[in-house]
Amino acid sequence: ARAFDNFQFVNFTEIMSKNKAQSLKETEFALSALMEIPQQYKATIELNLLGRRNGSIPERFPLPPPMRGGSSSYNLPKVPSLPRYKPSVPPYPTEIPVRSSPAPPVTTSASDNQLCPICLSNPKDMAFGCGHQTCCECGPDLQICPICRA
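Each residue of the sequence shown is one higher than the one before, counting from 1 in full-length UniProt numbering.
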């Protein structure tokens with residue numbers, strides 16, 4: 001676990017339930033999320049978390065890019081070249097395939113879209129920076145978005 005999580009928790013439901021134009025609600029939500037960032041930055045400075053390493057994790061250095069020409073430090077056996085194979089059948093079907101009927105659309109009720117995707121019982125009332133939503137009970141325990149893993 002990290003010493004400080006980089007999350008901006010904004011009450012999405014409260015903002016979106018206001019009687020305003022959709023564009024104004026979206027602007028207010030974006031501004032609220034951006035207003036959380038300075039508080040987090042200030043907290044990382046106060047807690048002396050920037051540039052500090054916790055535990056005994058070895059420092060990692062990137063490897064140099066591979067050399068041009070394919071030279072390698074490994075002595076791998078060379079694969080013998082095989083004669084070119086010419087298929088006896090055409091690569092694509094010559095007949096027009098018969099199309100099957102499309103699958104029926106998945107039906108979801110409007111209430112399904114309003115429930116938390118984790119507990120499936122509480123309403124969505126908190127949003128992550130990526131825009132995905134959970135409930136206030138499940139959200140604070142998460143370190144990454146459960147939908148897109150961002």
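We put the beta carbon where it would ideally sit given N, CA and C, even for glycine.
These numbers were taken from a predicted model, which means no experiment stands behind them.
Are the beta-carbon atoms belonging to Gly131 and Phe9 less than 8 angstroms from one another? No, these two residues do not count as a Cβ contact at 8 angstroms.
Cα-Cα separation, Ser121 to Cys148: Straight-line Cα distance between these residues: approximately 21 angstroms.
Could you compute how far the alpha carbon of Cys136 sits from the alpha carbon of Pro58? Rounded to whole angstroms, the gap between the alpha carbons of Cys136 and Pro58 is 36 angstroms.
Just reading off the alpha helix (DSSP H) that Phe12 is part of, what are its end residues? Its alpha helix (DSSP H) spans residues Phe12 to Met16.
What does Met67 pair with, by DSSP beta-bridge criteria? For Met67, DSSP assigns no beta-bridge partner whatsoever.
What residue from Pro38, Phe128 and Gln133 has the CA that sits closest to Asn113's CA? Nearest Cα to Asn113 within the set Pro38, Phe128 and Gln133: Gln133.
Reduced DSSP category for Ala127 - H, G, I as helix; E, B as strand; rest coil: Reduced to three states, the DSSP call for Ala127 is strand.
Nearest to Leu31 by CA position, among Gly129, Asp141 and Pro146, is which residue? Taking only the C-alpha atoms, the option nearest Leu31 is Gly129.
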